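Visitor: Sending over a structure as C-alpha cells; questions will come in a sec.
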Amino acid sequence: GQSLEQPSEVTAVEGAIVQINCTYQTSGFYGLSWYQQHDGGAPTFLSYNALDGLEETGRFSSFLSRSDSYGYLLLQELQMKDSASYFCAVRPGGGGNKLTFGTGTQLKVEL
Amino acid sequence: DTAVSQTPKYLVTQMGNDKSIKCEQNLGHDTMYWYKQDSKKFLKIMFSYNNKELIINETVPNRFSPKSPDKAHLNLHINSLELGDSAVYFCASSQAPMGLAGGYNEQFFGPGTRLTVL
C-alpha cells in the first residue's frame, strides 16, 4: 500500500517563503504531484516530479529525492490568495494514472 | 467553457435512498475518475475509466456503481445510501496514461458534489 505524510497546518506571513514537506512509503513509485485546493473548491494541479531535483514554475517550486522518499513544495513571495490546502500525491506503480493523495497541509497566509 | 462539470452541486437525501451524480468533460480526455473527499479533506480515488473501460476499481462498497456511456461522461450511482457516504465527490479527467512508466498527465477536477445523507 501507500502512505504519505504532510504537516497538517502551516502559517506564514505575506511575502515570506514556506516549504511544505511530504514523505511517502509506496510499493511502487513513478512520481510525486502537488495539488492546491481552496476551501469549497476543486483540487488544481501545481507540479509533478518524476526525477530527483527541483522543478520551478513561477513562485512555486517542487523538489523530489527518490532515495529519501521525500519531496517538498516551496512557495515564494507568499500572497493572501495562496491560503489553501496543499496535497502531495504519489503515482504508484502498476500502470494507469492513479494518484494516492496525502492528508493535505492547510496553509494560512497572514498579513 | 467549463472543462469538467458535475451535477448536482449539492445533494441532500435520506438514508436508504438511491442517487446518481453526473460528470461530463469537454477536454477531449480519454480517462475519467471518481474521488471521495471526507470531512477531514482526505481525498481517495474510487474508480477510473479509460475510454469507457474500467481500469481502476479501489476497495469501494458495491453499492457504488460507475457508468461511462461514452468517454466524455462518467456517472456515479449509489444505492442504499448510508450516513458514512456523506462526503464531497469529485470527478476528474486526464489524457490517457502513457504506459506503465509514461509521462504523467495532470488531472483536471470538477467542482465537486457535496452529498449529505440524513
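The listed protein sequences derive, respectively, from chains P and V.
If you count the first sequence from 1, position 33 lands on 33 in my numbering, and the numbers rise without skipping.
In short: position in the second sequence from 1, add 1000, done, that's my numbering.
Virtual Cβ for every residue (Gly too), placed ideally from N, Cα, C.
In this text the structure is predicted, and so the values were computed from the model without any measurement.
#1: Just how far apart, CA to CA, sit Asn1075 of chain V and Tyr1049 of chain V?
#2: Measuring only the C-alpha atoms, how far is Ser69 of chain P from Thr1013 of chain V?
#3: Count the other CB atoms within 10 Å of the CB of His38 of chain P; is the residue buried (16 or more) or exposed (fewer)?
#4: When you compare only the Cα positions, how much space is there between Val1060 of chain V and Gly1016 of chain V?
#5: By how many angstroms is the C-alpha of Ile1078 of chain V removed from the C-alpha of Ala16 of chain P?
#6: Interface residues of chain P around Lys1041 of chain V at Cβ under 9 Å?
#7: With distances taken between CB atoms, is the gap from Ser1086 of chain V to Thr1116 of chain V smaller than 8 Å?
#8: Measure from the alpha carbon of Gln1037 of chain V to the alpha carbon of each residue in P:Gly102, P:Gln2, P:Arg91, then state which is nearest.
#9: If we ignore side chains and look at the alpha-carbon of each, how far apart do Pro1069 of chain V and Met1032 of chain V end up?
#10: Have a look at Leu54 of chain P and Gln1006 of chain V and give me their C-alpha separation to the nearest angstrom.
#11: Could you spell out the range, first to last residue, of the beta strand (DSSP E) harbouring Met1015 of chain V?
#12: Taking the beta carbon of Ala1003 of chain V as the centre, do at least 16 other beta carbons fall within 10 Å, making it buried, or is it exposed?
#13: I'd like to know if Asn1105 of chain V contacts chain P, where contact means its C-beta is closer than 8 Å to some C-beta of that chain.
#14: Please report how far the alpha carbon of Gln1095 of chain V lies from the alpha carbon of Leu78 of chain P, in whole angstroms.
#15: Can you name, in chain order, every residue of its own chain whose Cβ lies under 8 Å from the Cβ of Leu1100 of chain V, other than the five neighbours on each side?
#16: Can you look up Leu51 of chain P in the DSSP assignment and give me helix, strand or coil?
#17: Can you give me the C-alpha to C-alpha distance between Tyr86 of chain P and Glu1058 of chain V, rounded to a whole angstrom?
#18: Any chance the CB of Lys1071 of chain V is under 7 Å from a heavy atom of the ligand ADP?
#19: Nearest to Phe1042 of chain V by CA position, among P:Val109, P:Asn97, P:Ser3, is which residue?
#20: So what does DSSP say about Asp1030 of chain V, is it helix, strand or coil?
#21: One question on the structure: do Gln36 of chain P and Thr26 of chain P come within less than 8 Å of each other, judged by their Cβ atoms?
#22: Is the beta carbon of Arg91 of chain P closer than 8 Å to that of Tyr30 of chain P?
Guide: This is what the structure holds:
#1: Mapped onto the second sequence, residue 1075 of chain V falls at position 75. Mapped onto the second sequence, residue 1049 of chain V falls at position 49. Distance between the alpha carbons of Asn1075 of chain V and Tyr1049 of chain V is about 11 Å.
#2: The residue given as residue 69 of chain P occupies position 69 in the first sequence. The residue given as residue 1013 of chain V occupies position 13 in the second sequence. Each residue's alpha carbon lies about 42 Å from the other.
#3: As a position in the first sequence, residue 38 of chain P is number 38, starting the count at 1. Result: exposed.
#4: Here the question's residue 1060 of chain V lines up with position 60 in the second sequence. Here the question's residue 1016 of chain V lines up with position 16 in the second sequence. Approximately 17 Å between the Cα atoms of the pair.
#5: In the first sequence, the residue the question calls residue 16 of chain P occupies position 16. In the second sequence, the residue the question calls residue 1078 of chain V occupies position 78. Taking the straight line from one Cα to the other gives about 45 Å.
#6: By 1-based counting over the second sequence, the position of residue 1041 of chain V is 41. Residues of chain P passing the Cβ test: Gln37, Ser85, Phe87, Thr103, Gly104, Gln106.
#7: The count along the second sequence starts at 1 and reaches residue 1086 of chain V at position 86. The count along the second sequence starts at 1 and reaches residue 1116 of chain V at position 116. Yes; because the gap between Cβ atoms is below 8 Å, this pair is in contact.
#8: Reading the second sequence from its first residue, position 37 is the one you call residue 1037 of chain V. Among P:Gly102, P:Gln2, P:Arg91, the Cα nearest to that of Gln1037 of chain V is on P:Gly102.
#9: The residue you call residue 1069 of chain V lines up with position 69 of the second sequence. The residue you call residue 1032 of chain V lines up with position 32 of the second sequence. When the Cα atoms are used, Pro1069 of chain V and Met1032 of chain V turn out to be separated by approximately 12 Å.
#10: Taking the first sequence and counting its residues from 1, one reaches residue 54 of chain P at position 54. Taking the second sequence and counting its residues from 1, one reaches residue 1006 of chain V at position 6. The straight-line gap from Cα to Cα measures roughly 35 Å.
#11: Residue mapping note: residue 1015 of chain V aligns to position 15 of the second sequence, counting from 1. Segment: none, Met1015 of chain V is in no beta strand (DSSP E) and carries neither H nor E.
#12: What you label residue 1003 of chain V is simply residue 3 of the second sequence in a count that begins at 1. That one is exposed.
#13: Indexing the second sequence from 1 puts residue 1105 of chain V at position 105. Answer yes: the Cβ-Cβ gap between Asn1105 of chain V and chain P drops below 8 Å somewhere.
#14: As a position in the second sequence, residue 1095 of chain V is number 95, starting the count at 1. As a position in the first sequence, residue 78 of chain P is number 78, starting the count at 1. Roughly 31 Å between the two C-alpha positions.
#15: Within the second sequence, residue 1100 of chain V is the residue found at index 100, counting from 1. Confidence at Leu1100 of chain V is low in this model, with a pLDDT of 48, below 50, so its placement is unreliable and the value that follows should be read with caution. Cβ neighbours of Leu1100 of chain V beyond the five flanking positions: none.
#16: Position 51 of the first sequence, counting from 1, holds the residue named residue 51 of chain P. In this structure, Leu51 of chain P counts as coil in the three-state DSSP scheme.
#17: Here residue 86 of chain P is taken as the residue at index 86 of the first sequence, counted from 1. Here residue 1058 of chain V is taken as the residue at index 58 of the second sequence, counted from 1. Their Cα atoms are separated by approximately 23 Å.
#18: The model on display carries no ligand, and the ligand ADP is accordingly not part of it.
#19: Along the second sequence, read from residue 1 onward, the residue named residue 1042 of chain V stands at position 42. Closest option to Phe1042 of chain V, Cα to Cα, is P:Ser3.
#20: The residue given as residue 1030 of chain V occupies position 30 in the second sequence. If DSSP states are grouped into helix, strand and coil, Asp1030 of chain V belongs with coil.
#21: Looking up residue 36 of chain P in the first sequence gives position 36. Looking up residue 26 of chain P in the first sequence gives position 26. Taking 8 Å as the Cβ cut-off, Gln36 of chain P and Thr26 of chain P do not qualify as a contacting pair.
#22: On the first sequence, position 30 is the one that residue 30 of chain P refers to. On the first sequence, position 91 is the one that residue 91 of chain P refers to. Their beta carbons are under 8 Å apart, which means Tyr30 of chain P touches Arg91 of chain P by this criterion.
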